[in-house]
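One structure is given here, and the rest of the page talks about it.
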Amino acid sequence: MNISYESLLLGMLIGGLAMRLFSAKRAAADSISLNREIAHLATEKKVLEEQLVSFKKHVDELSAQNKLQFENLANQIIENKSKSFTEYTEKTLESMLKPFKEKITNFEKSVEDKYSSEARERHALKSEILRLISLNDRMSEETNSLARALRGDSKVQGDWGEMVLSKILEASGLREGEDYITQSSHKNEEGDRLRPDVIINLPDEKHVVVDAKVSLKAYDLHHSSTEDVQKEKCLSEHIRSIDKHINELSEKHYDKLKGLSSPEIVFMFVPIEPAYLLAMHADADLSMRAWKKGVAIVTATTLLTSLKTVASIWRLERQNKNAQEIAQEGARLYDKFVGFLEDFEKIGHIFETGSKQFSQAMGKLKDGPGNVFRKMELLRELGASPNKKIRQDLLE
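Take a look at the structure:
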């Protein structure tokens with residue numbers, strides 16, 4: 080089959096045109112598809128950009144909220160703990176210091192009162208000593224004048240002797256009802272009831288009995304008599320009267336009375352000292368005879384001196400008691416102070432424990448690879464834009 084060269088060339092031209100046309104159509108189609116893809120990608124890019132902006136904004140808000148919440152929470156915890164601890168500390172210190180302060184105040188007042196009382200007593204003792212001489216002289220004058228009025232009446236003489244004894248007791252500094260008791264009733268071993276004039280109380284629950292005995296009739300006759308024989312007779316009668324009183328007191332056995340702890344000695348008070356001195360001058364053994372029978376004869380001077388000694392003993396006893404009370408109060412105060420120190424140490428331990436707990440809590444926030452401080456800082460590094468920044472030393 081003979082095909083001409085022109086026909087072949089024409090066919091090739093037509094085929095080439097057809098191929099080019101096909102390629103052009105296909106390229107156009109591809110271009111449209113590519114433009115669509117580009118438009119789609121541009122849309123996705125815009126959406127992603129909007130999402131990124133929104134995400135950054137959200138991160139900023141979240142960072143600010145977390146930081147604010149963290150600060151509020153930390154401040155609240157610290158404030159609550161601090162307030163609670165402060166209140167507890169104040170209450171604890173107040174509860175401990177209040178009784179301690181009261182103890183110190185009471186102790187100071189007790190010491191001040193006791194020493195003020197002792198100072199007053201020393202001044203009073205000095206005044207009493209100065210009054211002793213004048214009192215003795217005055218009583219001697221009174222007894223001499225009253226002796227003349229009382230002669231012959233034994234009952235009145237006895238009452239007068241008790242009255243003089245009462246004055247001496249008042250002047251001695253002893254306290255009635257505490258340091259001495261008058262006219263108290265006691266039973267002896269036989270059941271008889273006796274009533275001593277005065278019972279002097281001594282420390283350690285000991286007692287001394289004082290009875291007033293007056294012998295005036297023979298003594299007054301001795302002074303009023305002008306004849307020596309009559310004087311000697313009256314003097315002997317005066318001594319016998321004193322001996323009679325000695326025997327009467329000795330036979331009463333006051334040392335055996337129930338409820339008393341008395342030595343085997345009773346004080347026989349002779350109100351008129353010259354009468355006793357006269358008898359002693361005439362009979363030197365009078366005092367020794369009385370002593371052997373358990374009777375000690377005393378006059379206004381010797382009795383007042385003895386009672387002053389007893390008052391001094393009681394004063395020393397009260398001072399010793401005060402010293403013991405001060406020592407006991409001091410010991411209680413010392414114990415209270417030791418207790419306060421122990422409680423104060425407990426408060427120190429509480430402070431120390433609170434400091435350790437704070438350090439541990441802070442360590443949990445800022446220590447370790449995944450600590451809260453680092454995570455919060457990561458938010459800022461990812462794009463969050465806070466107004467403040469965590470200090471660098473807390474991040475290290």
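With our numbering as the guide, the letters of the sequence shown map in order to residues 80 to 475. Ideal Cβ positions, reconstructed from N, Cα and C, are used throughout, including at glycine.
Mapping the DSSP letters down to three states, classify residue i as helix, strand or coil.
i              : result
lysine 312     : helix
histidine 332  : coil
glutamate 257  : coil
lysine 285     : strand
lysine 372     : coil
isoleucine 93  : helix
asparagine 401 : helix
lysine 468     : coil
alanine 363    : coil
isoleucine 117 : helix
valine 377     : strand
aspartate 290  : strand
asparagine 267 : coil
valine 349     : coil
arginine 453   : helix
arginine 274   : coil
isoleucine 279 : strand
glutamate 306  : coil
aspartate 299  : helix
leucine 395    : helix
glutamate 249  : helix
isoleucine 321 : helix
glutamine 262  : coil
glutamate 343  : coil
glycine 462    : coil
For residue i, tell me which candidate among the options has the shortest Cα-Cα distance.
i              : options                           : result
glutamate 327  : Leu336, Met347 and Glu316         : Met347
lysine 372     : His332, Thr388 and His360         : His332
alanine 297    : Ile321, Gln407, Gln403 and Met441 : Ile321
threonine 184  : Ile429, Arg470 and Gly409         : Gly409
glutamate 269  : Met441, Glu330, Gln471 and Leu356 : Glu330
asparagine 369 : Ile392, Ile344 and Gln262         : Reading off the sequence shown, one finds alanine at residue 369, where the question assumed asparagine. When each option's Cα is compared against that of alanine 369, the closest is Ile344.
lysine 188     : Arg453, Lys435 and Asn401         : Asn401
serine 464     : Thr261, Gly95, Glu140 and Ile117  : Glu140
arginine 199   : Asp446, Arg394 and His428         : Arg394
leucine 295    : Gly237, Met242 and Asp334         : Gly237
For residue i versus residue j, is the C-beta distance shorter than 8 Å?
i              : j              : result
valine 289     : valine 308     : no
alanine 358    : histidine 317  : yes
asparagine 280 : aspartate 258  : yes
asparagine 267 : leucine 336    : yes
valine 389     : isoleucine 325 : no
leucine 244    : leucine 386    : no
glycine 240    : valine 287     : no
proline 282    : glutamate 404  : no
Which residues in the same chain have their Cβ closer than 8 Å to the Cβ of residue i, if we skip the five residues on either side of it in sequence?
i             : result
valine 132    : none
aspartate 362 : Ile318
glutamate 128 : none
Give me, in chain order, the residues of the same chain whose beta-carbon lies closer than 7 Å to that of residue i; leave out the 5 immediate sequence neighbours on both sides.
i             : result
serine 264    : Arg272 and Arg274
histidine 302 : none
serine 366    : Met359 and Ile376
serine 304    : Lys310 and Cys313
Near residue i, which residues of its chain fall below 6 Å by C-beta distance, leaving aside the five closest residues on each side in sequence?
i             : result
lysine 135    : Gly462
threonine 261 : Val277
leucine 96    : none
Problem set entry | Touching by the beta-carbon criterion (3+ pairs, under 8 Å), the stretch 375-382 and the stretch 345-365 | Segments in contact, yes.
For this session: For the stretch 248-268 and the stretch 312-322, state whether three or more C-beta atom pairs, one from each stretch, are separated by less than 8 Å.
Result: In short, these stretches do not touch, since the Cβ pair count stays below three.
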